[in-house]
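Participant: Numbering (the working numbering), first residue to last: 22 to 576.
Every residue gets a Cβ at the ideal spot worked out from N, C-alpha and C, and that includes glycine.
Please read all numbers here as calculations on a predicted model, not as lab measurements.
Sharing a structure, written as structure tokens. Questions coming.
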Amino acid sequence: MVPHSFSSLSVSIQGMGMHSYDINSFSRRVFRSRNPLRTMLRFARGLMEARLAGLVYGTDATRAHFLPPGRWTMGVIEKFEGTGHSGLFFRLFGRLWARRIGISPVRLYRLDEMGEQVPAEGVTAYTLRNHQSFYDQGIRILLTERPEGETGSGPFEEWPVISYDGSDFQPVEDLLTDTGIVSRFNVESFVVAYIPDYGAVVLNTVEGEIMDKETGRFVFDHRLKRKLDSLVAAIEAASLAYLGKVKGKAAARMLWRKEKGLRKTVTRLKAREDVLKRQEKQLKAVGAVTSEQLSMAPVSTDGVYAFMDMVGSAKISRRLSPREYVDLLNFSNEIGAEAAARFGCRVDNIMGDGIFFQSVYVFDDLQGYHPSPDERLMLMTLLLASVIRDVRELTTGRHPLDAKHKVHQLARDHRLNIGLRAGLSRGRSLVGPLGSRKRKIVTAIGEMVDLAARLEATGVTNHIHMPGELGNCLSQAFITRDAMHLYQVAREIDPVGHWNHETGFRFTEFYKAVFNIGSDPFISRGDAHCKEFSASDTLIMACLPEKGHDTCIGI
Numbered sequence: 022m023v024p025h026s027f028s029s030l031s032v033s034i035q036g037m038g039m040h041s042y043d044i045n046s047f048s049r050r051v052f053r054s055r056n057p058l059r060t061m062l063r064f065a066r067g068l069m070e071a072r073l074a075g076l077v078y079g080t081d082a083t084r085a086h087f088l089p090p091g092r093w094t095m096g097v098i099e100k101f102e103g104t105g106h107s108g109l110f111f112r113l114f115g116r117l118w119a120r121r122i123g124i125s126p127v128r129l130y131r132l133d134e135m136g137e138q139v140p141a142e143g144v145t146a147y148t149l150r151n152h153q154s155f156y157d158q159g160i161r162i163l164l165t166e167r168p169e170g171e172t173g174s175g176p177f178e179e180w181p182v183i184s185y186d187g188s189d190f191q192p193v194e195d196l197l198t199d200t201g202i203v204s205r206f207n208v209e210s211f212v213v214a215y216i217p218d219y220g221a222v223v224l225n226t227v228e229g230e231i232m233d234k235e236t237g238r239f240v241f242d243h244r245l246k247r248k249l250d251s252l253v254a255a256i257e258a259a260s261l262a263y264l265g266k267v268k269g270k271a272a273a274r275m276l277w278r279k280e281k282g283l284r285k286t287v288t289r290l291k292a293r294e295d296v297l298k299r300q301e302k303q304l305k306a307v308g309a310v311t312s313e314q315l316s317m318a319p320v321s322t323d324g325v326y327a328f329m330d331m332v333g334s335a336k337i338s339r340r341l342s343p344r345e346y347v348d349l350l351n352f353s354n355e356i357g358a359e360a361a362a363r364f365g366c367r368v369d370n371i372m373g374d375g376i377f378f379q380s381v382y383v384f385d386d387l388q389g390y391h392p393s394p395d396e397r398l399m400l401m402t403l404l405l406a407s408v409i410r411d412v413r414e415l416t417t418g419r420h421p422l423d424a425k426h427k428v429h430q431l432a433r434d435h436r437l438n439i440g441l442r443a444g445l446s447r448g449r450s451l452v453g454p455l456g457s458r459k460r461k462i463v464t465a466i467g468e469m470v471d472l473a474a475r476l477e478a479t480g481v482t483n484h485i486h487m488p489g490e491l492g493n494c495l496s497q498a499f500i501t502r503d504a505m506h507l508y509q510v511a512r513e514i515d516p517v518g519h520w521n522h523e524t525g526f527r528f529t530e531f532y533k534a535v536f537n538i539g540s541d542p543f544i545s546r547g548d549a550h551c552k553e554f555s556a557s558d559t560l561i562m563a564c565l566p567e568k569g570h571d572t573c574i575g576i
């Protein structure tokens, strides 16, 4: 920001060894400085190799310091920093000169033709006016440079403005540059950064090649990012050091505002912590994955897999309107997702009226605990039976998820017999990211997954279809304290059971008590179309206390 009469006097100190632009050294130095913002201003000008740097503080018509940013209506130029004779001039007379030629204060708003207050043009005004988003999202920096052939014929020109948020460069649309300031300071490029609770630092004409562009992109973007990251770190350090130096009632009020804001933030974060933990658990249960899982190498691992779908869904869809049918499926899928989160399993995918569940170590989120194969099998069995039971309660109007009894009304009005069936398998599968570059999921594939799908397709309404060896395993299984997650879930499901204080109890006895199954829950399936996948007999496991087994092969 050098006027024409002084532009020829500007010199560079790069390579003269007069200053260190190391951010670690600056961070130590700024807290010892009597004027942290001036120290930061000198550092910023040298770091970015700018002709001139200035500090602008936000205020209103009173021109008082430390006002709440929400009251800012203007920005007042407070300090200049430059080199050579021009730098000396601006340090001594820059504030007076800026006021005299009318570029200070910088107005954040103006009146339009109808007398309405509207945002004023200009990069500095934009930065001060958008203080809240700049503060909430971290210190952002705006960069712009004079386009080739720009003449400055109008009061405002549309220069390309780029925003840097500490990660990427993004264009800022519909932001005009004040050509009055440009012409007065002979600006070639312009960098503005927000200073929390103060205003902004402005850097005029960054020298060298650091801001050179080709085809709209910075040629030396990595070098530029490193410098901008150092600038952000310097602003953060100087802002904190500045708060430690302020005095007076206005400064005390500012510190109290920040203290109240911090207290409210802490209270809000504590209140949200449990909610976020529950949401995270729910998201992972319904198939959400981390970036590490999306880039993981595929693994071959043991696990438990299950498919579940709504029996006769094609017939049901013909009886209902599209909205009614989708609502029914969403209720069913929501029950499945909640059960998966409860039993430490995962919804791999939802396919219309069908859900694919899995339990493998890759997706365990139990504070470092990994269930054993038998514990996974028991958890998945309880999950499937719970979903079947809860959907039955949904159709009879007894489930809290459907407080208005919509599904019960649909089932009664359209004479619908709504039920689910499930297929269950255990063994080795391939788990890893699958899909295209634009859309990937982390899923399981392999023979055991296919077997679970075939068992579901040849299953029985309101039953779990499984290989005979899994039924034998469940018949002999015990719920013990060693199965930490299962034991905890069992006590939550049936807190008054006679086994509640025992160290272990038989799984089938617990299952029959919880789901009100009067006799042996296992029944031989006999002839099933999935035998090409299984060398043993298959069993069906009852999930509801009713007689008879309505069979529906396929849909």
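Do you know offhand how far residue 162's Cα is from residue 192's?
Facilitator: Sequence index remark: in the sequence shown, residue 162 carries index 141 (1-based). Sequence index remark: in the sequence shown, residue 192 carries index 171 (1-based). Going from the Cα of residue 162 to the Cα of residue 192 covers about 12 angstroms.
Participant: Can you tell me where the alpha helix (DSSP H) holding residue 266 begins and where it ends?
Facilitator: Your numbering for residue 266 matches position 245 in the sequence shown. Per DSSP, residue 266 belongs to the alpha helix (DSSP H) from 242 to 266.
Participant: Just the Cα atoms here: how many angstroms apart are residue 232 and residue 460?
Facilitator: Translated into the one-based positions of the sequence shown, residue 232 becomes position 211. Translated into the one-based positions of the sequence shown, residue 460 becomes position 439. Each residue's Cα considered, the two are about 35 angstroms apart.
Participant: Below 8 angstroms CB to CB, which residues in the same chain sit around residue 566 once its five sequence neighbours on both sides are set aside?
Facilitator: Your numbering for residue 566 matches position 545 in the sequence shown. Same-chain partners within the cutoff: 536, 537, 538 and 539.
Participant: Decide yes or no for the touch test of the stretch 328 to 339 against the stretch 368 to 382: beta carbon pairs closer than 8 angstroms, at least 3 of them.
Facilitator: Enough Cβ pairs lie closer than 8 angstroms, so yes.
Participant: Answer yes or no: do residue 102 and residue 63 have a C-beta to C-beta separation smaller than 7 angstroms?
Facilitator: Numbered from 1 along the sequence shown, position 81 holds the residue referred to as residue 102. Numbered from 1 along the sequence shown, position 42 holds the residue referred to as residue 63. Their beta carbons are under 7 angstroms apart, which means residue 102 touches residue 63 by this criterion.
Participant: I'd like to check one pair, residue 401 with residue 470: are the Cβ atoms closer than 7 angstroms?
Facilitator: Translated into the one-based positions of the sequence shown, residue 470 becomes position 449. Translated into the one-based positions of the sequence shown, residue 401 becomes position 380. It is not a contact, given that the beta carbons lie outside the stated cut-off.
Participant: For residue 348, I'd like the list of residues in its chain whose CB is within less than 7 angstroms of its CB, leaving aside the five on either flank, ordered along the chain.
Facilitator: Here residue 348 is taken as the residue at index 327 of the sequence shown, counted from 1. Only 427 meet the Cβ criterion.
Participant: Using alpha carbons as the reference points, say which of 466, 335, 369 and 478 lies closest to residue 439.
Facilitator: The sequence position of residue 439 within the sequence shown is 418, counting from 1. It is 335.
Participant: Give a yes or no on whether the C-beta atoms belonging to residue 82 and residue 225 are separated by under 7 angstroms.
Facilitator: Numbered from 1 along the sequence shown, position 61 holds the residue referred to as residue 82. Numbered from 1 along the sequence shown, position 204 holds the residue referred to as residue 225. Contact flag unset, no.
Participant: If distances are taken between C-alpha atoms only, which option among 254, 431, 360 and 322 comes closest to residue 342?
Facilitator: For this step, residue 342 is matched to residue 321 along the sequence shown. Comparing Cα positions, the closest option is 431.
Participant: Have a look at the DSSP bridge pairing and note the partners of residue 450.
Facilitator: Residue 450 sits at position 429 when you count from the first residue of the sequence shown. Paired residue(s): 322.
Participant: Do residue 447 and residue 321 have their C-beta atoms within less than 7 angstroms of each other?
Facilitator: Your numbering for residue 447 matches position 426 in the sequence shown. Your numbering for residue 321 matches position 300 in the sequence shown. Against a cut-off of 7 angstroms, the Cβ pair of residue 321 and residue 447 comes out as no contact.
Participant: List the endpoints of the continuous alpha helix (DSSP H) containing residue 344.
Facilitator: Working through the sequence shown from its first residue, we reach residue 344 at position 323. It spans 343 to 363 - the alpha helix (DSSP H) in which residue 344 sits, taken as one unbroken run.
Participant: Quick one: complete alpha helix (DSSP H) runs, 4+ long, within the stretch 380 to 406?
Facilitator: List check, alpha helix (DSSP H) in window: nothing returned.
Participant: Have a look at residue 218 and residue 176 and give me their C-alpha separation to the nearest angstrom.
Facilitator: As a first step, residue 218 is located in the sequence shown; it is residue number 197 there, counting from the start. As a first step, residue 176 is located in the sequence shown; it is residue number 155 there, counting from the start. Their backbone Cα atoms lie some 30 angstroms apart in a straight line.
Participant: For residue 197, which residues in the same chain have their Cβ closer than 6 angstroms to its Cβ, ignoring the five residues on either side in sequence?
Facilitator: Counting from one through the sequence shown, the residue named residue 197 turns up at place 176. Correct list, in chain order: 142, 177 and 179.
Participant: Rounded to whole angstroms, what is the Cα-Cα separation between residue 40 and residue 46?
Facilitator: As a first step, residue 40 must be located in the sequence shown, where it is residue number 19. As a first step, residue 46 must be located in the sequence shown, where it is residue number 25. Since pLDDT at residue 40 reaches only 47, below the 50 mark, its modelled position is unreliable, and no value is offered.
Participant: Helix, strand or coil: how does DSSP classify residue 54 here?
Facilitator: One-based indexing of the sequence shown puts residue 54 at position 33. Coil at residue 54, not helix or strand.
Participant: Could you give the residue range of the alpha helix (DSSP H) that holds residue 493?
Facilitator: As a working note, residue 493 is residue 472 in the sequence shown. Here the alpha helix (DSSP H) through residue 493 covers 489 to 497.
Participant: Which residues in the same chain have their Cβ closer than 6 angstroms to the Cβ of residue 561, if we skip the five residues on either side of it in sequence?
Facilitator: Your numbering for residue 561 matches position 540 in the sequence shown. If we look at residue 561 and ignore the five residues flanking it on each side, its Cβ neighbours are 481, 484, 486, 544 and 546.
Participant: When the Cα atoms are used, what is the spatial distance from residue 190 to residue 474?
Facilitator: For this step, residue 190 is matched to residue 169 along the sequence shown. For this step, residue 474 is matched to residue 453 along the sequence shown. Roughly 47 angstroms between the two C-alpha positions.
Participant: Leaving out five residues before and five after residue 434 in sequence, what residues of the same chain have Cβ atoms less than 8 angstroms from its Cβ?
Facilitator: What you label residue 434 is simply residue 413 of the sequence shown in a count that begins at 1. The answer is none, since no qualifying residue turns up.
Participant: For the stretch 256 to 275 against the stretch 52 to 69, are there 3 or more C-beta pairs whose distance is under 8 angstroms?
Facilitator: Verdict: yes, contact present.
Participant: In the DSSP assignment, find the unbroken alpha helix (DSSP H) run with residue 223 in it and report its ends.
Facilitator: Numbered from 1 along the sequence shown, position 202 holds the residue referred to as residue 223. Element bounds for residue 223: not the alpha helix (DSSP H) but the beta strand (DSSP E), 220 to 227.
Participant: By the three-class DSSP mapping on this structure, what secondary structure does residue 105 have?
Facilitator: Counting from one through the sequence shown, the residue named residue 105 turns up at place 84. Here residue 105 sits in helix by DSSP.
Participant: Starting from residue 474, follow the alpha helix (DSSP H) in both directions and report where the run begins and ends.
Facilitator: Locating residue 474 in the sequence shown gives position 453, where the first residue counts as 1. Here the alpha helix (DSSP H) through residue 474 covers 468 to 478.
Participant: For residue 467, I'd like the list of residues in its chain whose CB is within less than 6 angstroms of its CB, leaving aside the five on either flank, ordered along the chain.
Facilitator: Taking the first residue of the sequence shown as position 1, residue 467 is located at position 446. Only 450 and 451 meet the Cβ criterion.
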